[in-house]
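Trainee: I have a structure here, written as structure tokens, and I will follow up with some questions on it.
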Amino acid sequence: MIEPASFSDQLLAFYDEHARALPFRIRPHPYYTWISEIMLQQTRMETVLPYFERFIQAIPDVPALASVSEEQLLKLWEGLGYYSRARNLQQAARRMMSDHGGELPDTVEELLKLPGIGPYTAGAIASIAFHRVVPAVDGNVIRVFSRLMAYGGPVMSAPGKRYITEAVQSVMSKERPGDFNQAVMELGATICLPNGAPLCQACPVREHCLAFSEGNPLAYPVLPAKKERRIEQHTVFLILQGNRFAIERRPRRGLLAGLHQFPMRPGDLTRAEVSDLLADLGFTEARIEDGPGARHIFSHVEWQMSSYIIRVSTDRIAESGFEWEDQTALSDLTLPTAFAVFRREMEKLMGEA
């Protein structure tokens, strides 16, 4: 059984000496804590840091977030993925303006009522920003505590999460709850690693760890088998008409909802199939060349994309449903990372036009 006082003291001493100097730690503020925690969901720290600095500079507080245009918000988020997180941020900011005087609420109960905030994020904000003695249990914390307790149950099940949460609650510092939660996260990110062997000899709390004493830390945590990703084939159309190119919006619901993309259709289409489709859209005179291919992996699906470079002599905006933009729009449009190869190809083509 973990001895709470010595465990907490050792963990916090480790944190005080080794905590990474992150911008939202150097400049503590509830708004910064919230934005960073949302950005860090399913995204690596080194990826998030430049996004965080850029976002805070452009949108420094809750009122600014509530009023910013969706176009600017999504452009600042471009490349982070999971764009619904950005939209939820703005919805939550507007709720704060109407119900909380433009400030983040300071309790888990009120935070959980806001769009995009679940139990982990509520616990992180409440403990780090408002010093509430509440756990913040993410993947790092689950891994650390499942090893500490040698917990062999399925950690992602409701009983497993409850067991881990109660274990954290039983040993966390009441004087420094936010630092305690961050210390466990830091331990999981830098020592009790998710991929490969943990650095047990460098761990400040290994004397409390049952998995270490048993000699089998890699046996924990017990995770469900990963689901196989679905493979989808798509064909992207890089359509040029003079000094303009075609773009379209994705549906308002679903993957990459509402974002721009180069026109794309399901399937690995042949040149003849593309020619027939263009004719149906009203493009009867089109020069078609092979374009680059790309592959993009989402959490649950993999896109395998081929493309065609298509030069047309007329535009049929009403019939095609496409929007037409000039070269200057290529840097302004919010295009998901899945289309990065095609954006570069279009920049090259527009430069040649």
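The numbering used here runs 48 ahead of the 1-based position in the sequence shown. Every residue, glycine too, gets a C-beta built ideally from N, C-alpha and C. Bear in mind the structure is a predicted one, so any value in this text is a computation, not a measurement.
#1: Is any beta-carbon of chain D found at less than 8 angstroms from that of G341?
#2: For V232, which residues from the same chain have a beta carbon less than 8 angstroms from its beta carbon, with the 5 sequence-adjacent residues on both sides left out?
#3: Under 8 angstroms by Cβ, that's how I've got I173 and L159 pegged, so tell me the actual separation to the nearest angstrom.
#4: Around the C-beta of L383, are 16 or more other C-beta atoms found within 10 angstroms, so that it is buried, or is it exposed?
#5: In chain order, what residues of the same chain have a beta carbon less than 7 angstroms from the beta carbon of R250, not counting five sequence neighbours either side?
#6: Taking 8 angstroms as the cut-off, does the segment 272-284 touch the segment 308-316 (at least 3 CB pairs, one atom from each stretch)?
#7: Suppose the cutoff is 6 angstroms on Cβ atoms and the five residues either side in sequence are ignored; what does the same chain contact list for Q230 look like?
#8: Determine the direct distance from the alpha carbon of L307 to that of I176, and round the result to whole angstroms.
#9: Kindly indicate which three-state DSSP category D324 falls into: helix, strand or coil?
#10: Can you tell which of T91, L152, A170, R142 has the C-alpha that lies nearest to the C-alpha of P78?
#11: Please name the residue in G200, P207, A327, V156 whose C-alpha comes closest to that of P269.
#12: In the DSSP output, what is D374 paired with across the bridge?
#13: Kindly list the residues whose CB is nearer than 6 angstroms to the CB of Q375, restricted to its own chain and excluding five residues on each side of it in sequence; keep chain order.
#14: Taking the continuous beta strand (DSSP E) assigned at E337, which residues delimit it?
#15: If you draw a straight line from the C-alpha of G127 to the C-alpha of S261, how long is it?
#16: If you scan the segment 224-306 from start to end, which runs of the alpha helix (DSSP H) of 4 or more residues do you find wholly inside it?
#17: Among S221, A273, S218, M220, which residue has its Cα nearest to the Cα of V203?
#18: Which of the three DSSP states is assigned to Q352 in this structure?
#19: Helix, strand or coil, according to DSSP, for M394 in the structure here?
#20: Would you decide whether H348 is buried or exposed? Buried here means 16 or more other CB atoms lie within 10 Å of its CB.
#21: Measuring CA to CA, which of V96, L137, E85, G129 is closest to I107?
#22: Whole-angstrom Cβ separation of I295 and F390, contact assumed at under 8 angstroms?
#23: Buried or exposed, going by whether 16 or more other CB atoms sit within 10 Å of the CB of M87?
#24: From which residue to which residue does the beta strand (DSSP E) around H179 run?
#25: Hey, E234 and Y63 are a contact pair by Cβ (cut 8 angstroms); roughly how many whole angstroms apart?
#26: To the nearest whole angstrom, what separates the beta carbons of T26 and G129, a pair I think is in contact under 8 angstroms?
Mentor: Judging by the given coordinates:
#1: The chain inventory of the structure shown lacks chain D, comprising one protein chain alone.
#2: The count along the sequence shown starts at 1 and reaches residue 232 at position 184. Taken in chain order, the residues that qualify are L59, N188, V189, V192, F193, V216.
#3: Locating residue 173 in the sequence shown gives position 125, counting from the first residue. Locating residue 159 in the sequence shown gives position 111, counting from the first residue. Going by Cβ atoms, the distance from I173 to L159 rounds to 6 angstroms, so yes, they are a contact pair.
#4: Mapped onto the sequence shown, residue 383 falls at position 335. So L383 ends up on the buried side.
#5: Translated into the one-based positions of the sequence shown, residue 250 becomes position 202. Looking at the sequence shown, residue 250 is not Arg but Ala. Only I239 meet the Cβ criterion.
#6: yes
#7: The sequence position of residue 230 within the sequence shown is 182, counting from 1. Taken in chain order, the list of residues that qualify is empty.
#8: As a working mapping, residue 176 is identified with position 128 in the sequence shown. As a working mapping, residue 307 is identified with position 259 in the sequence shown. Near 33 angstroms, if we compare the C-alpha coordinates of L307 and I176.
#9: Against the sequence shown, residue 324 aligns to sequence position 276. The answer is helix: DSSP assigns D324 an H, G or I state.
#10: Numbered from 1 along the sequence shown, position 30 holds the residue referred to as residue 78. Nearest option by C-alpha distance: L152.
#11: Position 221 of the sequence shown, counting from 1, holds the residue named residue 269. Residue G200 is the option with its Cα nearest to P269.
#12: Along the sequence shown, read from residue 1 onward, the residue named residue 374 stands at position 326. R292, per the DSSP bridge assignment.
#13: Position 327 of the sequence shown, counting from 1, holds the residue named residue 375. So the qualifying residues of the chain are M398.
#14: Translated into the one-based positions of the sequence shown, residue 337 becomes position 289. E337 -> beta strand (DSSP E) spans 334-338.
#15: Residue mapping note: residue 127 aligns to position 79 of the sequence shown, counting from 1. Residue mapping note: residue 261 aligns to position 213 of the sequence shown, counting from 1. If I take the Cα positions, the gap works out to 42 angstroms.
#16: Complete alpha helix (DSSP H) runs here, min 4: 225-238, 258-262.
#17: Taking the sequence shown and counting its residues from 1, the one referred to as residue 203 is at position 155. Of the candidates S221, A273, S218, M220, the one whose C-alpha sits nearest the C-alpha of V203 is A273.
#18: Taking the sequence shown and counting its residues from 1, the one referred to as residue 352 is at position 304. Strand.
#19: The sequence position of residue 394 within the sequence shown is 346, counting from 1. Here DSSP, grouped into helix, strand and coil, assigns M394 to helix.
#20: Taking the first residue of the sequence shown as position 1, residue 348 is located at position 300. Exposed is the call here.
#21: Counting from 1 along the sequence shown, the entry for residue 107 is found at position 59. For the residues V96, L137, E85, G129, the minimum Cα distance to I107 belongs to L137.
#22: Walking along the sequence shown from the start, residue 295 turns up at place 247. Walking along the sequence shown from the start, residue 390 turns up at place 342. The Cβ separation is near 11 angstroms, so there is no contact.
#23: Indexing the sequence shown from 1 puts residue 87 at position 39. Its Cβ being crowded by 16 or more others within 10 Å, M87 is buried.
#24: Counting from one through the sequence shown, the residue named residue 179 turns up at place 131. H179 -> no beta strand (DSSP E), and no H or E assigned at all.
#25: Start at 1 with the first residue of the sequence shown, and residue 234 comes out as number 186. Start at 1 with the first residue of the sequence shown, and residue 63 comes out as number 15. Yes, E234 and Y63 are in contact; Cβ-Cβ is about 6 angstroms, under 8 angstroms.
#26: No statement about residue 26 is possible, as the shown extent of the chain runs from 49 to 401 and does not include it.
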